[in-house]
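Okay, so the sequence shown: first residue is 34 according to the numbering used here, each after it adds one.
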Amino acid sequence: MTGRTGKGSAAVEDYTKADDADLLMASGQRQQAAFAELVNRYHRPVYRLVWRMTGGHADSEDIAQEAFLKLWRDPSQVREAKALKGWLMRVASNAVIDRSRKPAHADIDAAVEVSDPAARTDHPLDRAEATALVDRGIAALPDRQRLALSLVYFEGLSNIEAAEAMEVSVEAVESLLARAKRGLKQALADRWRDLLDGLA
34 MTGRTGKGSA
44 AVEDYTKADD
54 ADLLMASGQR
64 QQAAFAELVN
74 RYHRPVYRLV
84 WRMTGGHADS
94 EDIAQEAFLK
104 LWRDPSQVRE
114 AKALKGWLMR
124 VASNAVIDRS
134 RKPAHADIDA
144 AVEVSDPAAR
154 TDHPLDRAEA
164 TALVDRGIAA
174 LPDRQRLALS
184 LVYFEGLSNI
194 EAAEAMEVSV
204 EAVESLLARA
214 KRGLKQALAD
224 RWRDLLDGLA
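See the structure below:
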């Protein structure tokens, strides 16, 4: 990296070209600009994972931030820089699972959506409705199936990378994916024609 400055300098180092290992090291030295670059690189995939696992819950942003706060408190928790994305995904998904185990509170927004008379099943779905239906189907899957499906099919991780992020075997990921796809197919079976029309 270039352009390092002393603590007394008003200039801020440009970390945009630094690799993750350098950013983790600088974050461990409490360099906020380095940590900001890590957040910039990984916030979107972490947020997408949380959003999909929670079914788009309003707390998605807060949960995603929890993963980064844990990293900021102790960057040395990530032993290898190449494992950073998987580590963040694992921390975020664990936070989702932990929250799902807490007693549920009434969600006014969800209640309104459930009672919405416009939510009929006798009209053609548009693309947004079809996507929302699939998202709800995914959100209804068991936690680990939902996580495996999100990591592989929506975040583009290989089965090996997903296994590392989930700290399970590749065979376990493959089993989770197979069960998730079966569960999703069963959940959406009654509306598959509408889905095809809506996503076309």
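The beta-carbon is built from N, C-alpha and C at its ideal position, and this holds for glycine as well.
Would you decide whether residue i is buried or exposed? Buried here means 16 or more other CB atoms lie within 10 Å of its CB.
i    : result
G189 : exposed
A213 : buried
L11  : This structure does not reach residue 11, given that the chain is present from 34 up to 233, and the question cannot be answered.
E99  : buried
E113 : exposed
E94  : exposed
S183 : buried
S60  : buried
E197 : buried
Check for me: the alpha helix (DSSP H) holding residue i runs from which residue to which?
i    : result
Y75  : Q65 to T87
S183 : From DSSP, S183 is part of no alpha helix (DSSP H); its letter is neither H nor E.
V14  : Residue 14 falls outside the range modelled here, since the chain spans only 34 to 233, and no answer is possible.
E197 : N192 to M199
A59  : D53 to G61
I'd like the list of long-range same chain contacts for residue i, defined as Cβ closer than 8 angstroms, with 5 residues on each side in sequence excluded.
i    : result
E200 : R123
R179 : R85, M86, I171, A172 and A213
Take residue i and list the residues in its own chain whose beta-carbon comes closer than 6 angstroms to its own, dropping the five residues that flank it on each side.
i    : result
L234 : Outside the shown range of the chain (34 to 233) lies residue 234, about which nothing can therefore be said.
D176 : I130
W120 : V111
Can you list, in chain order, the residues of its chain with a C-beta nearer than 7 angstroms to that of residue i? Leave out the 5 residues immediately preceding and following it.
i    : result
G216 : L174 and Q178
A97  : H76, V79, Y80, V83 and A125
L210 : A181, L182 and V185
With respect to 6 angstroms, is the separation between the Cβ of residue i and the closest non-hydrogen atom of the ligand COA below this value?
i    : result
R212 : The ligand COA is not part of this structure, which contains no ligands at all.
- prompt: For the segment 87-116, which segments carrying the beta strand (DSSP E) assignment without a break, of at least 3 residues, lie completely within its bounds, in sequence order?
  reply: none
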